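Take 1 as the starting number for the sequence shown in our numbering and just add one per residue.
Virtual Cβ for every residue (Gly too), placed ideally from N, Cα, C.
All values reported here derive from a predicted model rather than from experimental measurement.
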Amino acid sequence: MPVKEKLTPYLSIDSTLLVADSGMATKPKEILVNSSFDPLKICPTDICGKVENVTPLTLGMSGAAVFAVKAEKGKFVVRFHAHSPADWTTSLANYRLASGCGVAPRLLHVDEQEKAILTVQIEGPHFGSALMDPAKRPLVFKSLVQNLRTLQMQPYALPAAEDSVLAGRQVWLSQYQRPGFPVGASDFVKYIHKAGEAMTADRRRVFSHGDLNPANVLWDEVRLWFVDWEVSKLDHPYMDLATLSNFLSLPDVAVISMAAALDGTTAENFSAEKQQTLQALRNYSRVVYGALFLSLIKDLQTVDVNSPLTLSECFAQFAAGKLSLTSDGGRAAIAAAFFRQVTVI
Numbered sequence: 001m002p003v004k005e006k007l008t009p010y011l012s013i014d015s016t017l018l019v020a021d022s023g024m025a026t027k028p029k030e031i032l033v034n035s036s037f038d039p040l041k042i043c044p045t046d047i048c049g050k051v052e053n054v055t056p057l058t059l060g061m062s063g064a065a066v067f068a069v070k071a072e073k074g075k076f077v078v079r080f081h082a083h084s085p086a087d088w089t090t091s092l093a094n095y096r097l098a099s100g101c102g103v104a105p106r107l108l109h110v111d112e113q114e115k116a117i118l119t120v121q122i123e124g125p126h127f128g129s130a131l132m133d134p135a136k137r138p139l140v141f142k143s144l145v146q147n148l149r150t151l152q153m154q155p156y157a158l159p160a161a162e163d164s165v166l167a168g169r170q171v172w173l174s175q176y177q178r179p180g181f182p183v184g185a186s187d188f189v190k191y192i193h194k195a196g197e198a199m200t201a202d203r204r205r206v207f208s209h210g211d212l213n214p215a216n217v218l219w220d221e222v223r224l225w226f227v228d229w230e231v232s233k234l235d236h237p238y239m240d241l242a243t244l245s246n247f248l249s250l251p252d253v254a255v256i257s258m259a260a261a262l263d264g265t266t267a268e269n270f271s272a273e274k275q276q277t278l279q280a281l282r283n284y285s286r287v288v289y290g291a292l293f294l295s296l297i298k299d300l301q302t303v304d305v306n307s308p309l310t311l312s313e314c315f316a317q318f319a320a321g322k323l324s325l326t327s328d329g330g331r332a333a334i335a336a337a338f339f340r341q342v343t344v345i
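1) Residues in the same chain with beta-carbon distance under 7 Å from Cys314, minus the five sequence neighbours each way, listed in chain order, please.
2) For His209, tell me which candidate among Glu268, Leu244 and Ala316 has the shortest Cα-Cα distance.
3) Give the secondary structure of Met24 by DSSP, where H, G and I count as helix, E and B as strand, and everything else as coil.
4) Tell me the residue span of the alpha helix (DSSP H) that contains Leu148.
5) Does the count of Cβ pairs from the region 71-88 and the region 209-219 closer than 8 Å reach three?
6) In the DSSP output, which residue or residues are listed as bridge partners for Phe226?
7) Let me check understanding here. Comparing Cα to Cα, which of Phe181, Ala93 and Val189 lies closest to Pro155?
8) Using only the alpha-carbon positions, how far apart do Gln177 and Ala291 sit?
9) How many Å lie between Leu325 and Thr302 at the Cα?
10) Have a look at Asp46 and Val77 and give me their C-alpha separation to the nearest angstrom.
11) Just list the residues that DSSP pairs Ser208 with in beta bridges.
12) Straight-line CA distance for Ser232 to Ala198?
13) Assign Asp240 to one of three DSSP states: helix, strand, or coil.
14) If you measure from the CB of His83, is any heavy atom of the ligand SAH nearer than 7 Å?
15) Does Gln347 pass the burial test, meaning 16 or more other C-beta atoms within 10 Å, or should it be called exposed?
16) So, is Val222 buried or exposed, given that buried needs 16 or more other C-beta atoms within 10 angstroms?
17) Based on Cα-Cα distance, which residue from Glu273, Gly330, Gly321 and Leu262 lies nearest to Leu294?
18) Counting only the same chain and skipping the five closest in sequence on each side, list residues whose C-beta sits under 8 Å from that of Val305.
19) Excluding the 5 residues flanking Ala280 on each side, which residues of the same chain have their C-beta closer than 6 Å to its C-beta?
20) Take His111 as the anchor and find which of Lys142, Glu268, Asp240 and Leu40 has the nearest alpha-carbon.
21) So Tyr284 packs on Val189, CB below 8 Å; how close in whole Å?
22) Which of the three DSSP states, helix, strand or coil, is assigned to Ala333?
23) At what residues does the beta strand (DSSP E) containing Lys70 begin and finish?
24) Out of Ser307, Ala319 and Ile117, point me to the one whose CA is closest to Phe339's CA.
25) Check the Cβ-Cβ distances between Ala335 and every residue of chain D, and say whether any is below 8 Å.
26) Can you tell which of Asn246, Trp229 and Arg137 has the C-alpha that lies nearest to the C-alpha of Ala64?
27) Mind checking who Phe80 pairs with in its DSSP beta bridge?
28) In whole angstroms, what separates the C-alpha of Lys115 from that of Ala272?
29) Span of the alpha helix (DSSP H) holding Thr200?
30) Please identify the residue among Leu108, Ala71, Ala259 and Val120 whose C-alpha is closest to the C-alpha of Leu144.
31) Taking Val103 and Thr150 to be in contact with their CB atoms under 8 Å, please state how far apart those CB atoms are, rounded to whole angstroms.
32) By Cβ distance, which residues of its chain are closer than 6 Å to Arg169, with the 5 residues on each side in sequence left out?
33) Exposed or buried, what is Leu17 when buried is set at 16 or more other beta-carbons lying within 10 Å of its beta-carbon?
34) Taking the alpha-carbon of Arg282 as reference, which of Asp38, Phe67 and Asp240 has the nearest alpha-carbon?
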């Protein structure tokens, strides 16, 4: 498999992507007002003590309301469930499982009425800053594999969620006929079909995060933590790795090595069939995330859907304030970059 980009593009990942849900945002001391969410309700005195300030955190695509809480007894994060009430039970059960095995921040309190949770706050530098440090980078990737292996060993007794490929196909079908959709990507549904074929041939399913992008990965100077578990479910063992590796623009050789480690083997013993499955899932993730970012744009004819920027260049422009992931132009650019990552197979 050809190497699409160098190993370094993730070094300039937008800090706003990395701080989302992390509890590391810094703002003046304030108690939140004018909000339909009241994080103070989710902070029992016996756990938190007196609350000193509440800071709204940058939100990711999940739409969840997330707040950092500084209190007498420590620092915490409050997260209100973003999806339908019917999803709350599954989402909470998944978080309990992820927290219980030490991959998600420790769960301290659940408010069933408000559909919200209180967790410890993970403190440390941005995930991207750890990747920029050559001494820390191997530790980060080792922790990534350890977290994924830990997740995949958990017994998962909940009903299986909608199949990933079916869900991805629905996203694609909602977008590809829109006026202004990039012509060069119009037949990319074939990569979703190839992923479906690969997952049919390899029926392994394990507990998975479901949206492992950089905004949902925290580094505490020792290890990684994963946050935002609202779409977690059973999935293929390589899907989370495929997703994060695309956001980081990792070359195939690095991703193969980590996928082999997930399987308890080495890259040399990672079969050609498994490499093809991994590549199919990386392409699937590229296509679906590209379509997802386009779905956030009201009129595709008003933006450059064929932006020449690579993902690394997009993230550099986000960091420099030249583009924003909340703008139509930024979303179109990152969608085009994902589509450009697709490897012809």
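This is what the structure gives:
1) Along the sequence shown, read from residue 1 onward, the residue named residue 314 stands at position 314. For Cys314, where only same-chain residues beyond five positions count, the Cβ hits under 7 Å are Leu323, Ala333, Ile334 and Ala337.
2) Counting from 1 along the sequence shown, the entry for residue 209 is found at position 209. Selected option, being the one with the closest Cα: Leu244.
3) Your numbering for residue 24 matches position 24 in the sequence shown. In this prediction, Met24 scores a pLDDT of 29, lower than 50, which makes its location untrustworthy; the coordinate-derived value is nonetheless stated afterwards. The answer is coil: DSSP assigns Met24 none of H, G, I, E or B.
4) On the sequence shown, residue 148 is found 148 positions in, with the first residue counted as 1. Where Leu148 is concerned, the enclosing alpha helix (DSSP H) stretches over Arg137 to Gln152.
5) no
6) The count along the sequence shown starts at 1 and reaches residue 226 at position 226. Answer is Val217, bridged to Phe226.
7) Residue mapping note: residue 155 aligns to position 155 of the sequence shown, counting from 1. When each option's Cα is compared against that of Pro155, the closest is Ala93.
8) Along the sequence shown, read from residue 1 onward, the residue named residue 177 stands at position 177. Along the sequence shown, read from residue 1 onward, the residue named residue 291 stands at position 291. Using only the alpha carbons, I get a separation of about 11 Å.
9) Taking the sequence shown and counting its residues from 1, the one referred to as residue 325 is at position 325. Taking the sequence shown and counting its residues from 1, the one referred to as residue 302 is at position 302. Cα to Cα, the separation comes out at about 16 Å.
10) Numbered from 1 along the sequence shown, position 46 holds the residue referred to as residue 46. Numbered from 1 along the sequence shown, position 77 holds the residue referred to as residue 77. Looking at the two C-alpha atoms, the distance is approximately 16 Å.
11) On the sequence shown, position 208 is the one that residue 208 refers to. Paired residue(s): Lys233.
12) Along the sequence shown, one-based indexing puts residue 232 at 232. Along the sequence shown, one-based indexing puts residue 198 at 198. Cα to Cα, the separation comes out at about 21 Å.
13) Taking the sequence shown and counting its residues from 1, the one referred to as residue 240 is at position 240. In this structure, Asp240 counts as helix in the three-state DSSP scheme.
14) This structure lacks the ligand SAH; in fact it carries no ligand of any kind.
15) The displayed coordinates of the chain run from 1 to 345. Any statement about residue 347 would go beyond what the structure contains.
16) Here the question's residue 222 lines up with position 222 in the sequence shown. The residue is exposed, with fewer than 16 neighbouring Cβ atoms inside 10 Å.
17) Locating residue 294 in the sequence shown gives position 294, where the first residue counts as 1. The option with the nearest alpha carbon to Leu294 is Gly330.
18) As a working mapping, residue 305 is identified with position 305 in the sequence shown. Around Val305: Gly180, Phe181, Pro182, Leu294, Ala332, Ala335 and Ala336.
19) Position 280 of the sequence shown, counting from 1, holds the residue named residue 280. Closer than 6 Å at the Cβ level, and outside the excluded window around Ala280, lie Lys194, Ala195 and Ala198.
20) As a working mapping, residue 111 is identified with position 111 in the sequence shown. In the sequence under discussion, the amino acid at residue 111 is Asp, which differs from the His named in the question. If we check each option's Cα against that of Asp111, Leu40 comes out closest.
21) Position 284 of the sequence shown, counted from the start, is the residue given in the question as residue 284. Position 189 of the sequence shown, counted from the start, is the residue given in the question as residue 189. Tyr284 to Val189, Cβ: 10 Å. No contact.
22) Numbered from 1 along the sequence shown, position 333 holds the residue referred to as residue 333. Helix, per DSSP.
23) Taking the first residue of the sequence shown as 1, we reach residue 70 at position 70. First-last of the beta strand (DSSP E) with Lys70: Ala65 to Ala71.
24) As a position in the sequence shown, residue 339 is number 339, starting the count at 1. Phe339 has its Cα closest to that of Ser307, out of Ser307, Ala319 and Ile117.
25) Any reference to chain D falls outside this structure, which holds one protein chain only.
26) Counting from one through the sequence shown, the residue named residue 64 turns up at place 64. The shortest Cα separation from Ala64 among Asn246, Trp229 and Arg137 belongs to Trp229.
27) Position 80 of the sequence shown, counted from the first residue, corresponds to residue 80. DSSP, once it has assigned bridges, lists Ala65 and Ala116 as partnering Phe80.
28) For the purposes of this step, residue 115 is taken as residue 115 along the sequence shown, with counting starting at 1. For the purposes of this step, residue 272 is taken as residue 272 along the sequence shown, with counting starting at 1. Each residue's Cα considered, the two are about 45 Å apart.
29) Position 200 of the sequence shown, counting from 1, holds the residue named residue 200. Thr200 -> alpha helix (DSSP H) spans Val189 to Ala201.
30) For the purposes of this step, residue 144 is taken as the residue at position 144 of the sequence shown. Nearest of Leu108, Ala71, Ala259 and Val120 to Leu144, Cα basis: Ala259.
31) Counted from its first residue, the sequence shown places residue 103 at position 103. Counted from its first residue, the sequence shown places residue 150 at position 150. The Cβ separation is near 6 Å, so the contact holds.
32) Sequence index remark: in the sequence shown, residue 169 carries index 169 (1-based). So the list reads Ile192, once near-sequence residues are dropped.
33) Against the sequence shown, residue 17 aligns to sequence position 17. Any reading at Leu17 must be qualified, since the residue scores a pLDDT of 35, below 50, and its modelled position is unreliable; the value itself is stated next. With 16 or more Cβ atoms within 10 Å of its Cβ, Leu17 is classed as buried.
34) The count along the sequence shown starts at 1 and reaches residue 282 at position 282. Nearest C-alpha to Arg282: Asp240.
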